[in-house]
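Using my numbering, the first residue of the sequence shown is number 1449, and each one after it goes up by one. For each residue, glycine too, the CB sits at the ideal point set by N, CA and C.
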Amino acid sequence: MKKLSVFNEIKLVYPYELPALPYSYTALEPYIDAMTMEIHHTKHHGTYVSNLNAALEANPRKELPLLEIFQKIEEFPAAVRNNGGGHINHALFWKWMKFNENGKPDGELLKHIEKTFGGFTQFQEEFTKAALARFGSGWAWLILTENNDLKIISTPNQDNPFMSIAETKGYPILGLDVWEHAYYLKYQNRRADYVKAFWNVVNWDEVKALYEKLIG
1449 MKKLSVFNEI
1459 KLVYPYELPA
1469 LPYSYTALEP
1479 YIDAMTMEIH
1489 HTKHHGTYVS
1499 NLNAALEANP
1509 RKELPLLEIF
1519 QKIEEFPAAV
1529 RNNGGGHINH
1539 ALFWKWMKFN
1549 ENGKPDGELL
1559 KHIEKTFGGF
1569 TQFQEEFTKA
1579 ALARFGSGWA
1589 WLILTENNDL
1599 KIISTPNQDN
1609 PFMSIAETKG
1619 YPILGLDVWE
1629 HAYYLKYQNR
1639 RADYVKAFWN
1649 VVNWDEVKAL
1659 YEKLIG
């Protein structure tokens, strides 16, 4: 996976830190409520960071960048896999959102999406299906493969397509957290409503910028 350096904007070396949100907790209202955002960021993401540091504290390979650890994640304790995934997944997730009602990408990214999925609406439908079909906790992803193909996948728990154990590997350019803690305060068991609302808070500028860096 030659393009990992694109993700170096995130601090991915020990000791890990909780990144600040690039917006206020109220910024995604009414689609994602402020209380969910605050708890999700400070409690859930914060706990992943604390637990990741604790899991690596005595590990002789703790100085390896997290994305390098993911390349051999089966050699590390489960706590590193779970909390390391939780950390980077959320660090990316926050950047992939902003208030953007009915937004959509443009340029080469939109062309690539339309070519791959048959249209932007078809892409949304396939991504939504992946998010709803994930049993229990996990993530839905739009990834760019090593061969620059776009694919929609999902992963369980806090796994991600960076990891050596991933069924489909690649570089995530958009992801959606479908753990219940991401939506339960507002949507209860209505995951479908949460996924529908998500399309109004996708930061397509960030997704497009990441895509363009990866394509090179």
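Taking a contact as a CB-CB distance under 8 Å, the pair residue 1609 and residue 1617 counts as one, their CB atoms being some 5 Å apart.
Looking from the CA of residue 1530, the closest CA among 1626, 1663, 1611, 1607 belongs to 1607.
DSSP places residue 1641 outside any beta strand (DSSP E); the residue lies instead in the alpha helix (DSSP H), whose first and last residues are 1639-1646. In the structure shown, residue 1498 falls within a helical segment according to DSSP collapsed to helix, strand and coil. Within the model, the alpha-carbon separation for residue 1593 versus residue 1599 is close to 7 Å. Pairing residue 1538 with residue 1464 gives a Cβ-Cβ distance that is not under 7 Å.
Residue state for residue 1625 is assigned as strand, using DSSP reduced to three classes. Residue 1525 and residue 1503 have their C-alpha atoms spaced approximately 8 Å apart.
With contacts defined by Cβ atoms closer than 7 Å, residue 1643 and residue 1576 form a contacting pair. Taking the Cα positions, residue 1478 is about 10 Å away from residue 1634.
In the three-state reduction of the DSSP assignment, residue 1480 falls in the coil class, being assigned neither a helical nor a strand state.
Contact check for residue 1655 against residue 1622 passes: the beta carbons are separated by less than 7 Å. In the DSSP annotation of this structure, the continuous segment of the alpha helix (DSSP H) that includes residue 1542 starts and ends at 1526-1543. Secondary structure of residue 1453 (DSSP, three-state): helix.
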